[in-house]
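Below is one structure, written out as structure tokens, with a few remarks after it.
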Amino acid sequence: QVLKARAAGLAEVKAAVGKDLLGLSASYKDFGLHPLRVGSALSGVWAFKEWLPGIEAASLVGDFNSWDADATPLKRSPDSPDIWTCEVRAPHSLGLAKGTRYRLSVRWPGGDTRQ
Numbered sequence: 004q005v006l007k008a009r010a011a012g013l014a015e016v017k018a019a020v021g022k023d024l025l026g027l028s029a030s031y032k033d034f035g036l037h038p039l040r041v042g043s044a045l046s047g048v049w050a051f052k053e054w055l056p057g058i059e060a061a062s063l064v065g066d067f068n069s070w071d072a073d074a075t076p077l078k079r080s081p082d083s084p085d086i087w088t089c090e091v092r093a094p095h096s097l098g099l100a101k102g103t104r105y106r107l108s109v110r111w112p113g114g115d116t117r118q
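In my numbering, each number is its position in the sequence shown, counted from 1, plus 3.
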């Protein structure tokens, strides 16, 4: 089941490459962890976005939230069920900076959770 979901996601990416390679190559601007701006100023909020096909739940963990899997849960994007997002706000966002260690905590179907 997980492999089928990953294969479907790969087909989605292949379709995107065929349509707009330039747009796909710029996805680094949207995916990953980035500080949000209001105009040219930093807002103090960080946005995270990742393609995670076939999972049940995920959260962002790291030094900024004491590696607490409950502190920063991700939500499915309304545009794509395989895209997961979150915003990191104060007080946790105060601990984020370039080079901050973080990773995903992912719960797979069947309850297996991995970081």
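We treat Cβ as the ideally placed atom computed from N, Cα and C, and that holds for glycine.
Query                                                                                                                                                       : Result
Determine, using beta-carbon pairs with one atom in the stretch 29 to 49 and one in the stretch 71 to 81, whether at least three such pairs fall under 8 Å. : no
If I measure Cβ to Cβ from Trp70 and keep anything under 6 Å in the same chain, skipping five residues before and after, which residues do I get?           : Val64
May I have the straight-line CA-CA distance separating Lys3 from Gly114, to the nearest angstrom?                                                           : There is simply no residue 3 to check, as the chain begins at 4 and stops at 118 in what is shown.
Once DSSP output is grouped into helix, strand and coil, what is the label at Ser1?                                                                         : The question about residue 1 has no answer here: the residues shown for the chain are numbered 4 through 118.
Taking just the CA atoms, how far does Ser43 sit from Arg9?                                                                                                 : 37 Å
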